[in-house]
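Asks:
2 protein chains.
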Amino acid sequence: MEYCFGADIGGTTVKIGLFSTDGILLEKWEIPTRKERQGAYVLGDVAAELFRKMEERGIAKEDILGVGLDAPGPVGTDGVIQGCVNMGWGVFNLVETFQKLSEFSFIKAGNDAKVAALGEYWKGIGGGKGTMVLVTLGTGIGGGIVLDGKVLMGTNGAAGEIGHLVVNPEEIEVCNCGKRGCLEQIASATGIVRTAKRFLEQKDTPSLLREVTELSAKDVLDGAKAGDALADEIVEYVCKYLGMGLANVSCVVDTDRIVIGGGVSKAGVFLLDKIKKYYKVFAFLPCRIKKIELAKLGNDAGLYGCAKMILEEEK
Amino acid sequence: MEYCFGADIGGTTVKIGLFSTDGILLEKWEIPTRKERQGAYVLGDVAAELFRKMEERGIAKEDILGVGLDAPGPVGTDGVIQGCVNMGWGVFNLVETFQKLSEFSFIKAGNDAKVAALGEYWKGIGGGKGTMVLVTLGTGIGGGIVLDGKVLMGTNGAAGEIGHLVVNPEEIEVCNCGKRGCLEQIASATGIVRTAKRFLEQKDTPSLLREVTELSAKDVLDGAKAGDALADEIVEYVCKYLGMGLANVSCVVDTDRIVIGGGVSKAGVFLLDKIKKYYKVFAFLPCRIKKIELAKLGNDAGLYGCAKMILEEEK
Chain B
624 MEYCFGADIG GTTVKIGLFS TDGILLEKWE IPTRKERQGA YVLGDVAAEL FRKMEERGIA
684 KEDILGVGLD APGPVGTDGV IQGCVNMGWG VFNLVETFQK LSEFSFIKAG NDAKVAALGE
744 YWKGIGGGKG TMVLVTLGTG IGGGIVLDGK VLMGTNGAAG EIGHLVVNPE EIEVCNCGKR
804 GCLEQIASAT GIVRTAKRFL EQKDTPSLLR EVTELSAKDV LDGAKAGDAL ADEIVEYVCK
864 YLGMGLANVS CVVDTDRIVI GGGVSKAGVF LLDKIKKYYK VFAFLPCRIK KIELAKLGND
924 AGLYGCAKMI LEEEK
Chain P
624 MEYCFGADIG GTTVKIGLFS TDGILLEKWE IPTRKERQGA YVLGDVAAEL FRKMEERGIA
684 KEDILGVGLD APGPVGTDGV IQGCVNMGWG VFNLVETFQK LSEFSFIKAG NDAKVAALGE
744 YWKGIGGGKG TMVLVTLGTG IGGGIVLDGK VLMGTNGAAG EIGHLVVNPE EIEVCNCGKR
804 GCLEQIASAT GIVRTAKRFL EQKDTPSLLR EVTELSAKDV LDGAKAGDAL ADEIVEYVCK
864 YLGMGLANVS CVVDTDRIVI GGGVSKAGVF LLDKIKKYYK VFAFLPCRIK KIELAKLGND
924 AGLYGCAKMI LEEEK
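Dropping the structure here:
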C-alpha cells in the first residue's frame with residue numbers, strides 16, 4: 624500500500640493527515656506551531672513528526688508518494704512563499720526547504736485558502752467536478768477558485784483573494800493589506816467585531832451586545848439568532864456586503880457553485896440565508912440563481928487539498 | 624488554399640471577414656443589419672453574402688473550413704442565444720439556424736464581447752499567450768476573460784460581465800440589466816453622459832459642456848483633455864470606478880494583463896493613465912503592478928475572434 628501526507632500549517636497548530644493513495648484520510652492529528660525564532664523550527668518539526676508516524680506505523684520511505692503542504696501566505700507555483708505574518712516567515716522556497724529537511728522527493732506547496740478550496744472541491748460539497756468558488760470566513764477572508772479540477776492561481780498568486788475586493792470605496796480605516804474598503808474589513812471574524820463596535824458606538828439601540836466585555840463574531844451572530852435587534856442589524860449589514868462581493872465574483876467567473884467555509888460559517892443556515900438574500904439583490908440576472916452552500920469538510924479541507932496536490936499528479 | 628469566414632453581427636452592421644486558415648484576414652467588409660420583423664432576415668443576409676463572396680472569388684464550398692459568428696447577447700456553448708435586444712431576437716439556436724440557412728457544416732457562435740476578447744488575445748495586444756481580461760467600453764460595457772487561449776464562459780455564460788459589477792451599492796437609478804449600481808451605469812459611453820448630466824446639475828462650476836446640446840462621452844473626454852475643470856472632474860470620477868472595478872477583477876482572476884477596448888478607449892493614453900492611477904489605489908498589493916493596456920485591433924477584434932473559434936479546433 625502507498626501513502627501520502629498532508630500538512631496544513633497554521634499560526635497555532637499544524638494539522639497533519641496520512642492518506643492512502645486512493646484518497647482516504649487514514650489518520651489525522653495536530654502538533655503545535657513553534658513560532659520561536661521567526662518560525663525557524665516549524666518545517667523541521669513537521670518533518671520529524673512525519674518520520675515518527677512512519678516509524679510508528681512501520682511505513683517505509685519509498686511507500687510515501689509525496690507530501691503536500693499549505694501555509695497562510697501567497698505561494699507561487701515554484702514553491703516560493705512571499706512571507707507569512709502569522710509564522711514570522713520571510714520569503715523563501717517552501718518546497719526546496721522542506722525537501723532538504725525531510726529528503727522526501729515529491730513535495731508540493733500552496734496557499735492555505737486555495738488548497739482548502741481544492742480539498743472542498745475534491746471530497747467536500749464540490750463533488751469533484753465543474754467549477755467552484757470557496758470563500759473562507761475566518762480571522763481574515765480567504766478564497767479559492769477551482770475550474771474543472773484546477774485551482775486558479777493568478778499571475779501574482781492573487782486569484783480568489785475575495786477578502787480584498789473593495790466593497791466600500793468610502794472606507795477611511797486601513798485594512799491589514801494596506802488599502803481601504805476591503806470585504807475583509809466588514810465580514811471576516813475581526814471585521815464583524817469591528818463593524819459591531821461601530822454600530823454600538825453610533826446607535827442608541829439597546830442591545831445585549833453592550834454587556835459583553837470581549838466581543839467576538841460568534842457573540843454577534845448568536846445575538847442576531849436570539850433576536851437581538853441591533854445584532855441582527857449588524858449581521859444584515861455584513862451579509863449585504865458579502866452578498867455584493869459574491870455577486871461581483873459571479874460577474875467575473877460565474878462558477879457552478881459558491882461555497883462558504885471558515886469559522887464564521889458555523890453560524891450555518893441562518894447566515895447562509897441572509898447572504899443568499901443579498902446575493903440575489905446584487906447578482907447579474909443570468910447568474911442570479913446560483914448554488915450557494917456551506918462547506919462540508921470544516922478544518923479538514925486543507926488536509927484533503929494537500930493530499931490532492933500530490934495525488935492529482937498520479938492520474 | 625483553405626478559408627474560413629467570420630461574421631460579427633451588430634445592431635447597425637454585420638462585419639464580415641474572409642480569412643486564410645493560417646489566420647490572415649484577406650478581406651473585410653460590412654453589410655447593413657436588417658432589423659425588420661425582429662431581425663428575421665439577418666442570418667439569411669449573412670449566408671447570402673458569404674455565397675456572393677465565394678462566387679466572386681471562385682471559392683468552392685469544400686474550401687471553407689467553417690464560419691464563426693458573434694452577436695451582442697449571451698450565447699451558450701450549445702449555440703443557443705438568450706435573446707438579443709438590439710436585433711429584436713428571442714431565444715434560439717444560432718448555430719443550428721445558421722447551419723440550416725447556409726448548409727455550412729462547421730459553425731461556431733459566441734457572445735460579441737467574449738469573441739472580441741479572444742480576437743484581441745490572439746492577434747492583438749494579447750500576444751497569443753498567458754491570461755488576459757478585455758473590457759470593452761462602448762454603449763454598454765462588455766468583457767471577456769481568456770485563460771491560456773480559452774475564453775472563460777461561466778455556468779450561465781456570465782463570466783467576464785465586468786459592466787455589471789456593482790461598484791456603487793447606494794445607486795438609486797436602475798441599470799439596463801435591472802439592478803442598481805453597475806459599473807456600466809457610470810463608465811460606458813451612455814454612463815459617462817449620465818454621470819456628466821448629474822455633475823452639471825449638481826454643481827455650479829462653469830464648463831463648456833453646458834453649451835453642448837446633445838452631450839456625448841467624446842465631448843466629456845475631449846473637454847477634460849482640453850482642460851475643462853468640470854469635464855476633468857467627471858472623467859476622474861468615471862476612472863475611479865473603472866479602476867476599482869478592474870482592481871476587483873484582479874482579486875478574482877489576477878490575469879497577466881488587462882486590456883481596454885471599445886469606442887470610449889479612443890480617448891487613448893489620457894484615459895488609460897487615469898484608470899491606472901485609480902487601479903493602483905484599489906488593487907490588492909500582490910497585483911498592484913499589472914499590465915493595463917489599450918486594445919490594438921479596434922473594430923476588427925470580433926472578426927479575428929470569430930475566425931479563431933473555427934481555427935482553434937484545427938490544431
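Residue numbers (our numbering), protein chains in the order written: chain B, 624 to 938; chain P, 624 to 938. Beta carbons are placed, not taken as given, at the ideal position from N, Cα and C, and that holds for glycine.
(1) Could you tell me how far apart the beta carbons of P/Ile768 and P/Thr700 are, in whole angstroms, since I believe they sit closer than 8 Å?
(2) Would P/Glu653 and P/Val665 qualify as a contact pair, given that the criterion is a beta-carbon distance under 8 Å?
(3) Where does P/Arg911 fall in DSSP's three states?
(4) With three or more beta-carbon pairs closer than 8 Å as the criterion, would you say the stretch 869-883 of chain P touches the stretch 835-843 of chain P?
(5) CB-CB under 7 Å to P/Leu920, same chain, minus the five flanking residues each way: which ones, in chain order?
(6) What three-state label does DSSP hand P/Ser830 in the structure shown?
(7) Less than 6 Å between C-beta atoms, sequence neighbours within five positions excluded: which residues of the same chain meet that for B/Thr754?
(8) Would you give the residue range spanned by the alpha helix (DSSP H) that B/Asn871 belongs to?
(9) Mind listing which residues of the stretch 860-884 of chain P have their C-beta closer than 7 Å to chain B's C-betas, in chain order?
(10) Which residues, taken in chain order from the stretch 798-813 of chain P, show a beta carbon closer than 7 Å to some beta carbon of chain B?
(11) Output, in sequence order along the chain, the residues in the stretch 906-934 of chain B whose CB is closer than 7 Å to any CB in chain P.
(12) Give a yes or no on whether the C-beta atoms belonging to B/Gly761 and B/Met710 are separated by under 8 Å.
(13) Could you name the residues of the same chain whose beta carbon sits closer than 6 Å to that of B/Phe727, not counting the 5 residues immediately before and after it, in chain order?
(14) Nearest to P/Glu935 by alpha carbon, out of P/Arg660, P/Glu659, P/Glu650, P/Leu688?
(15) Between the stretch 700-728 of chain B and chain P, which residues of the former have a C-beta closer than 8 Å to a C-beta of the latter?
(16) So within the stretch 656-735 of chain B, which uninterrupted alpha helix (DSSP H) runs reach at least 4 residues, ignoring any that extend past its ends?
(17) So what does DSSP say about B/Lys651, is it helix, strand or coil?
(18) Taking Cβ positions only, does B/Pro655 come closer than 8 Å to chain P?
(19) List the residues that DSSP assigns as beta-bridge partners of B/Asp631.
(20) Cβ of B/Leu692 within 8 Å of Cβ of B/Ala739?
(21) B/Leu926 by DSSP, collapsed to three states: which one?
(22) Go ahead and pull the three-state DSSP assignment for B/Glu916.
(23) Run the CB neighbour count on B/Lys938, radius 10 Å, all protein chains shown included, and call it buried at 16 or more, exposed below.
(24) Between the Cα of P/Gly866 and those of P/Leu832, P/Asp851, P/Ile809, P/Lys826, spot the shortest distance and give me the residue it belongs to.
(25) Which of the three DSSP states is assigned to P/Lys897 in this structure?
(26) So what's B/Lys746 in DSSP terms, helix, strand or just coil?
(27) Which stretch, first to last residue, makes up the beta strand (DSSP E) that contains P/Leu806?
(28) Would you mind working out which of P/Ile632, P/Tyr626, P/Lys820 sits nearest P/Thr836, comparing C-alpha positions?
(29) Do you know how far the Cα of P/Ile881 is from the Cα of P/Gln722?
(30) To the nearest angstrom, report how far apart P/Ala847 and P/Tyr626 are at their CA atoms.
(31) If we cut at 8 Å on Cβ distances, does P/Gly629 have a partner in chain B?
(32) Quick check on B/Val790: does DSSP put it in helix, strand or coil?
(33) Can you name, in chain order, every residue of its own chain whose Cβ lies under 6 Å from the Cβ of P/Ser725, other than the five neighbours on each side?
(34) Taking 8 Å as the threshold (beta carbon to beta carbon), is B/Asn734 in contact with chain P?
(35) Return the residue from the list B/Ile912, B/Leu844, B/Leu648 that minimises the CA-CA distance to B/Val892.
Replies: Straight from the coordinates:
(1) For the purposes of this step, residue 768 of chain P is identified with residue 145 of the second sequence, where counting begins at 1. For the purposes of this step, residue 700 of chain P is identified with residue 77 of the second sequence, where counting begins at 1. Actually they are not in contact, since the Cβ atoms of P/Ile768 and P/Thr700 sit about 15 Å apart, beyond 8 Å.
(2) Start at 1 with the first residue of the second sequence, and residue 653 of chain P comes out as number 30. Start at 1 with the first residue of the second sequence, and residue 665 of chain P comes out as number 42. P/Glu653 is not a Cβ neighbour of P/Val665, given a cutoff of 8 Å.
(3) In the second sequence, counting from the first residue as 1, residue 911 of chain P sits at position 288. The answer is coil: DSSP assigns P/Arg911 none of H, G, I, E or B.
(4) The stretch 869-883 of chain P makes no contact with the stretch 835-843 of chain P, as fewer than three CB pairs between them are under 8 Å.
(5) Here residue 920 of chain P refers to the residue found at position 297 when the second sequence is read from its first residue. Cβ neighbours of P/Leu920 beyond the five flanking positions: Gly742, Glu743, Lys746, Gly747, Tyr927.
(6) Taking the first residue of the second sequence as 1, we reach residue 830 of chain P at position 207. Correct three-state label for P/Ser830: coil.
(7) If you number the first sequence from 1, residue 754 of chain B lands on position 131. So the qualifying residues of the chain are Leu770, Thr878, Asp879.
(8) On the first sequence, position 248 is the one that residue 871 of chain B refers to. Counting along the chain, the unbroken alpha helix (DSSP H) around B/Asn871 starts and ends at 852-875.
(9) Those residues of the stretch 860-884 of chain P placed with their C-beta closer than 7 Å to a C-beta in chain B are Met867, Ala870, Asn871, Val872, Ser873, Cys874, Val875, Val876, Asp877, Thr878, Asp879, ordered along the chain.
(10) Cβ contacts with chain B: Cys800, Gly801, Lys802.
(11) Answer set for the stretch 906-934 of chain B: Phe907, Leu908, Pro909, Cys910.
(12) By 1-based counting over the first sequence, the position of residue 761 of chain B is 138. By 1-based counting over the first sequence, the position of residue 710 of chain B is 87. No, the Cβ-Cβ distance between B/Gly761 and B/Met710 is not below 8 Å.
(13) As a first step, residue 727 of chain B must be located in the first sequence, where it is residue number 104. Apart from sequence neighbours up to five positions away, the residues of its chain that approach B/Phe727 with a beta-carbon distance below 6 Å are Val690, ordered along the chain.
(14) Indexing the second sequence from 1 puts residue 935 of chain P at position 312. Closest by alpha carbon: P/Leu688.
(15) Contact residues of the stretch 700-728 of chain B toward chain P are Gln705 (C-beta to C-beta distance below 8 Å).
(16) Segments of the alpha helix (DSSP H) lying fully in the stretch 656-735 of chain B: 659-662, 665-680, 717-725.
(17) Your numbering for residue 651 of chain B matches position 28 in the first sequence. In the structure shown, the three-state DSSP call for B/Lys651 is strand.
(18) If you number the first sequence from 1, residue 655 of chain B lands on position 32. Judged by the 8 Å Cβ criterion, B/Pro655 is not in contact with chain P.
(19) Taking the first sequence and counting its residues from 1, one reaches residue 631 of chain B at position 8. In the DSSP output, where bridge partners are listed per residue, B/Asp631 has B/Lys638, B/Asp693.
(20) Here residue 692 of chain B refers to the residue found at position 69 of the first sequence. Here residue 739 of chain B refers to the residue found at position 116 of the first sequence. It is not a contact, given that the beta carbons lie outside the stated cut-off.
(21) Position 303 of the first sequence, counted from the start, is the residue given in the question as residue 926 of chain B. Residue state, collapsed to three classes: helix.
(22) Within the first sequence, numbered from 1, the residue matching residue 916 of chain B stands at position 293. It is a strand residue.
(23) Stepping through the first sequence from its first residue, residue 938 of chain B is reached at position 315. Legend: pLDDT at B/Lys938 = 43, less than 50; position of this residue unreliable, value from coordinates given subsequently. With fewer than 16 other Cβ atoms from the protein chains shown falling within 10 Å of its own Cβ, B/Lys938 counts as exposed.
(24) Taking the first residue of the second sequence as position 1, residue 866 of chain P is located at position 243. The shortest C-alpha to C-alpha distance from P/Gly866 to any of P/Leu832, P/Asp851, P/Ile809, P/Lys826 is the one to P/Ile809.
(25) Residue 897 of chain P sits at position 274 when you count from the first residue of the second sequence. Looking at P/Lys897 - three-state DSSP - the assignment turns out to be helix.
(26) To locate residue 746 of chain B, count along the first sequence from 1; it is residue 123. Helix at B/Lys746.
(27) Along the second sequence, read from residue 1 onward, the residue named residue 806 of chain P stands at position 183. No beta strand (DSSP E) holds P/Leu806; DSSP gives it neither H nor E.
(28) For this step, residue 836 of chain P is matched to residue 213 along the second sequence. Of the candidates P/Ile632, P/Tyr626, P/Lys820, the residue whose Cα lies closest to the Cα of P/Thr836 is P/Lys820.
(29) To locate residue 722 of chain P, count along the second sequence from 1; it is residue 99. To locate residue 881 of chain P, count along the second sequence from 1; it is residue 258. Straight-line spacing of the CA atoms in P/Gln722 and P/Ile881 works out to 35 Å.
(30) Here residue 847 of chain P refers to the residue found at position 224 when the second sequence is read from its first residue. Here residue 626 of chain P refers to the residue found at position 3 when the second sequence is read from its first residue. Rounded to whole angstroms, P/Ala847 and P/Tyr626 show a C-alpha spacing of 45 Å.
(31) What you label residue 629 of chain P is simply residue 6 of the second sequence in a count that begins at 1. Not closer than 8 Å to any Cβ of chain B, the Cβ of P/Gly629 fails to qualify, so no.
(32) Your numbering for residue 790 of chain B matches position 167 in the first sequence. Of the three classes helix, strand and coil, the one that applies to B/Val790 here is coil, per DSSP.
(33) The residue given as residue 725 of chain P occupies position 102 in the second sequence. Here the set comprises Ala670.
(34) Within the first sequence, numbered from 1, the residue matching residue 734 of chain B stands at position 111. No, its Cβ sits nowhere closer than 8 Å to a Cβ of chain P.
(35) Position 269 of the first sequence, counted from the first residue, corresponds to residue 892 of chain B. Of B/Ile912, B/Leu844, B/Leu648, the residue nearest in Cα terms is B/Leu844.
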